[in-house]
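Protein chains in written order, with the working numbering: chain Y, 6 to 356; chain Z, 6 to 356; chain G, 6 to 356; chain D, 6 to 356.
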């Protein structure tokens with residue numbers, strides 16, 4: 006049984022983990038850690054879980070945090086994980102961070118990312134960056150098997166990387182620029198209320214934001230450049246629509262002349278042939294985010310217009326699942342060598 | 006292993022059963038039956054389930070429907086179950102019907118119900134009414150253990166009956182009239198599109214309906230009269246609000262003079278002390294339908310105003326779970342003597 | 006031309022006034038006053054109005070606030086209007102307050118109200134209470150014609166009072182207790198974000214709240230007692246549903262024996278015969294809040310069940326219009342003796 | 006006073022016209038024509054308008070349709086207007102059609118469009134195509150002044166054409182391909198219920214559709230090719246999100262090397278300098294569709310990334326206003342030489 010503790014348990018990330026681990030036959034939650042409401046049961050923060058978890062919230066500096074635990078999920082804002090990781094790693098405890106703190110091996114990439122979220126580019130655990138693994142199992146399964154430190158991918162980034170990786174791997178792309186037009190539900194912005202996500206302001210309104218530069222572009226660029234062994238350029242437009250869960254990323258690229266729809270579909274089928282959470286669709290299929298809502302699936306619709314060598318991929322994920330907690334559990338499963346779909350093998354609840 | 010077949014698998018009722026039975030360790034779906042799309046896999050109708058079920062849809066008259074099956078759920082509109090039940094019962098197959106066909110033991114009650122939904126009051130299997138059990142486990146657990154024929158309760162009715170049964174059982178009520186002010190999400194109206202549930206017509210609009218008389222009033226009246234051993238009168242106002250899942254029923258009654266808040270809370274605690282799916286709250290607690298969304302729970306908030314002898318109960322359920330498929334699985338568990346929470350013991354997914 | 010200034014212009018109340026006054030042929034906004042963003046144009050706070058208003062926000066203590074103005078709307082939280090009213094009245098400027106500060110003529114009633122919102126019961130302008138008029142034109146039209154000080158009614162209160170006043174006026178009610186089961190959209194809670202109104206927490210969730218006592222019950226009780234010349238008792242249950250605009254209040258009372266549906270409908274028709282914003286419907290009509298969304302109408306559906314002497318009234322208003330800014334403009338029209346529907350005579354925008 | 010009749014008055018298009026014409030000081034509705042509910046007042050179909058219009062619905066073949074009328078709006082599905090236009094034109098009555106029937110001057114373009122909506126490419130009034138004007142006032146104001154026959158633009162098309170026309174006019178674009186990633190609220194699909202727009206299926210789900218080819222691409226391509234005097238290629242991805250009103254189209258193009266952000270903004274400012282309904286924003290501004298909801302405005306956010314010569318334009322309209330009824334009224338104003346903003350000069354109602 007994998008013993009799990011969660012830092013930042015009261016947010017959407019922690020909530021997702023707590024829900025998923027209830028279904029996991031080989032893992033159990035042994036502690037929840039937060040800065041607020043110390044001593045209270047986690048059900049105080051998350052009323053729907055009070056019949057399921059009676060664990061009291063521990064303070065971050067509680068010495069018991071380091072005992073009875075195999076892996077810690079750090080579901081906290083940027084800048085927290087980097088100050089905590091070493092302490093857990095020192096005791097042989099694996100560490101999976103939900104922020105951007107460990108998504109980059111390169112201080113320069115981290116600094117670029119950091120500048121987009123208003124943080125200075127210095128990193129409190131720069132020495133750990135080398136050993137951190139980007140926690141996207143589809144691309145880093147082998148490295149996950151041996152690492153103790155994981156940076157859980159960004160939600161938008163996951164949808165874009167999974168959507169374009171096969172095309173880059175198979176050298177189908179002609180132009181270096183990939184357009185990522187991404188729409189997300191509001192839960193992607195977290196649990197904290199703000200004017201733009203107040204129900205009356207949002208229920209019938211959508212908008213693009215961070216047009217001057219979103220932080221996720223760095224990890225998309227990095228991952229796709231690695232898989233394609235070439236420098237890619239990302240034009241990334243984040244948008245919010247009035248729904249709770251779901252990302253729909255529409256990706257545009259130019260394929261090399263002569264590349265047919267069949268070639269592309271073959272490349273994607275080949276790349277994802279054994280993947281338990283990826284499903285491929287053609288432009289004739291009807292695909293909606295509701296089909297993957299609450300699940301760890303990524304549904305990819307692929308269309309090639311041979312007349313103008315254009316490739317269109319529509320990538321569908323649940324931002325809180327494949328885009329966050331589900332992906333983290335999948336990475337944990339790989340790290341502990343248990344079946345990769347453990348705890349994740351349930352369909353959406355519909356409608 | 007309980008072998009289950011589902012008639013009317015493509016609607017919300019059948020969909021809920023298919024989802025829940027995936028989690029059930031002691032039951033499995035061996036067949037799906039529908040009038041449309043015969044021969045196609047059920048995933049054609051319910052795309053989010055196509056990775057989980059490959060069963061082809063069988064026609065209602067397919068002889069194989071009667072083999073390899075212990076219980077049939079008939080998730081169809083009113084009038085269908087009454088024509089099918091006997092055939093399955095004859096072969097020793099238990100039958101759980103989702104419509105009003107088997108909710109009444111008395112032809113007169115059925116006729117009243119039928120008149121409210123535009124059906125004539127004759128019943129195609131009148132001889133079976135006597136042996137049918139109203140499938141609300143909290144009130145009919147003993148009878149469920151031995152019956153083969155169940156009428157699954159209406160969603161509004163479940164919320165009202167569970168909310169008022171303890172007060173009647175413990176003889177707390179003074180006046181015969183109970184007001185049931187009920188609000189439901191749109192999924193309660195089923196999967197079929199209609200002008201009032203078209204997204205643009207509904208997204209920011211609520212309304213009361215069937216003010217001239219809703220059919221659920223008959224089962225509420227009957228069940229509460231039985232439990233209270235007195236004739237109760239129900240004023241019932243159904244209302245639709247722009248959400249998908251959830252019923253919030255606000256129930257008003259007058260308690261006998263001198264009845265205190267403590268007496269009432271004791272009565273409810275006593276009545277529901279061993280119930281796995283009922284939770285009680287006081288008027289100081291914050292309770293939202295999101296806490297029970299997607300679950301089989303019923304949350305009851307109880308308030309007594311001693312100054313005017315008024316009792317207020319707010320009853321929260323998910324109309325598709327405790328109000329439909331969840332309740333049916335709970336009844337099945339009782340009927341087959343497996344633990345009552347099997348397949349139902351998961352919390353809401355939040356947010 | 007009536008010259009209008011608005012205090013608290015950036016909230017939903019101020020916003021509604023600014024929108025309505027654009028359509029008003031006999032009134033114009035000459036100033037906007039707020040504590041924040043002083044000096045900036047109001048379009049900074051309300052981007053959809055920046056093409057329509059270029060007025061800069063003035064500080065509350067700006068001496069120019071008292072010039073070039075006939076009436077001030079004080080769209081601020083409780084406790085502000087009571088400190089400002091006298092200064093404007095002294096200069097002959099009429100004062101319409103949106104909070105509960107001037108809804109009561111009686112310090113005791115105010116103290117009751119105040120206790121429900123966490124304020125102490127003392128009133129900074131107690132000497133003004135006597136001359137304040139409750140701004141519901143349908144009940145206080147004559148007094149509005151001569152007053153300079155108005156307390157704009159609460160949104161829930163408006164729906165309940167309009168729904169029950171005719172029954173009380175015509176002495177149709179038998180029991181002193183009236184049940185008000187009220188549902189509101191989220192905009193009723195104002196513009197400030199909070200956890201319960203964060204989009205992901207609210208999009209598919211409803212709840213009852215303030216079960217221990219809501220402040221609006223005092224004005225409902227007072228107004229209905231006056232019109233009925235009897236003491237009425239109010240059971241009031243506020244509920245929030247996931248929509249933006251709209252209140253649907255379902256009201257229950259017992260009518261005297263022998264009172265027929267026809268008698269009741271006649272009483273309501275008589276009471277509201279010349280009212281421009283009230284419409285009556287029977288229980289056979291389909292009425293939805295979308296029909297009055299964005300308008301100053303109140304739609305009342307009336308049903309009498311003669312068999313049990315029960316009266317049911319469903320009252321539909323837009324909480325920000327007839328429940329707030331629309332009602333205030335209507336009161337202003339009466340106070341300045343211009344046609345009562347000026348600025349208010351437009352239908353809903355559908356869908 | 007312009008006398009107006011509306012064919013297809015009960016749909017969203019007709020509804021929008023009826024609402025707008027109430028505010029129009031120089032136009033009035035003298036007749037409503039529909040195939041259903043003939044003889045009934047229009048308020049039967051549109052309950053929110055029953056206090057405002059008492060006109061009975063006339064049958065399409067009612068001879069009175071041709072009297073007391075200066076202009077007819079034909080708010081019907083494709084294929085209807087082409088059979089009716091000549092009859093009205095013969096009597097000197099102007100004709101504004103909401104479908105694609107008169108959006109093309111060229112039978113070949115029409116045939117392409119028709120093939121995308123499952124119609125055969127023949128046109129019942131081919132001889133009229135030459136004289137029809139595409140009703141986008143910003144691009145065809147001069148032609149509108151003299152024509153009697155207008156094809157009202159498609160909603161998606163309007164957002165894309167307005168977003169890219171200045172860049173093409175000023176020869177800023179380098180590559181012939183323009184990507185139009187378009188998201189719409191559900192009202193764009195009309196009033197008729199269907200499974201994908203049923204509230205429970207849509208409230209938390211988004212999807213791309215018609216990936217094999219949407220009909221609006223033809224008018225976008227045509228209009229932009231004319232204004233740019235060059236052949237443009239359009240990649241067009243329509244998407245539906247769970248909201249009622251609003252289109253947000255994100256447009257991507259490559260600008261010529263050396264083109265700066267300033268050059269682009271100057272070009273747009275110049276192109277739209279006197280336009281009453283176009284507003285320009287930079288990538289630093291926060292722009293949401295709620296600001297233009299219910300209005301005739303088009304808000305354009307413009308961003309140039311000089312490092313990779315990319316142009317991004319986010320175009321915001323209300324699909325039922327600037328995307329449909331508002332645009333049609335604007336065209337009518339031009340045709341009848343009344344001020345272009347008549348009836349259209351009101352802001353959004355917020356929230």
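Each residue gets a CB set at the ideal place from its N, CA and C atoms; glycine is no exception.
Relative to the C-alpha of residue i, which residue among the options is closest?
i	options	result
residue 277 of chain Z	Z:216, Z:171, Z:355	Z:171
residue 245 of chain Z	G:261, G:219, G:188	G:188
residue 349 of chain G	G:11, G:6, G:9, G:21	G:21
residue 112 of chain G	G:127, G:337, G:105	G:127
residue 265 of chain Z	Z:315, Z:158, Z:109, Z:32	Z:315
residue 164 of chain Y	Y:202, Y:16, Y:251	Y:251
residue 336 of chain G	G:135, G:51, G:142	G:142
residue 101 of chain Z	Z:138, Z:192, Z:114, Z:322	Z:138
residue 341 of chain Y	Y:303, Y:254, Y:154	Y:154
residue 52 of chain G	D:310, D:284, D:319	D:284
residue 72 of chain D	D:320, D:7, D:17, D:40	D:7
Under a CB-based cut-off of 8 Å, is residue i close to chain Z?
i	result
residue 301 of chain G	no
Using DSSP bridges, identify the partner residues of residue i.
i	result
residue 304 of chain D	D:284, D:321
residue 79 of chain D	D:12, D:102
residue 36 of chain Y	Y:10
residue 243 of chain G	G:187
Look up residue i in the DSSP assignment and say whether it is helix, strand or coil.
i	result
residue 185 of chain Z	strand
residue 232 of chain G	helix
residue 223 of chain G	helix
residue 341 of chain D	coil
residue 5 of chain D	Since the displayed chain D opens at 6 and closes at 356, residue 5 of chain D lies outside it and no answer follows.
residue 352 of chain Z	coil
residue 156 of chain D	strand
residue 249 of chain G	coil
residue 43 of chain Y	coil
residue 64 of chain D	coil
residue 199 of chain Y	coil
residue 149 of chain D	helix
residue 310 of chain Y	strand
residue 178 of chain D	strand
Any beta carbon from chain Y within less than 8 Å of residue i's own beta carbon?
i	result
residue 246 of chain G	no
residue 51 of chain Z	yes
residue 334 of chain D	no
residue 358 of chain D	Absent from the model: residue 358 of chain D. The displayed extent of chain D is 6 to 356, so no value can be given.
Spell out whether any CB of chain D is found under 8 Å from the CB atom of residue i.
i	result
residue 54 of chain G	yes
Determine, for residue i, whether the minimum Cβ-Cβ distance to residues of chain G falls below 8 Å.
i	result
residue 320 of chain D	no
residue 356 of chain D	yes
Quick one: is the Cβ of residue i within less than 7 Å of any heavy atom of the ligand FAD?
i	result
residue 338 of chain Y	The ligand FAD is not among the ligands present in this structure, which contains no ligands whatsoever.
Secondary structure, beta strand (DSSP E): runs of 3+ residues fully inside the segment 95-141 of chain Y: Correct list: 99-102.
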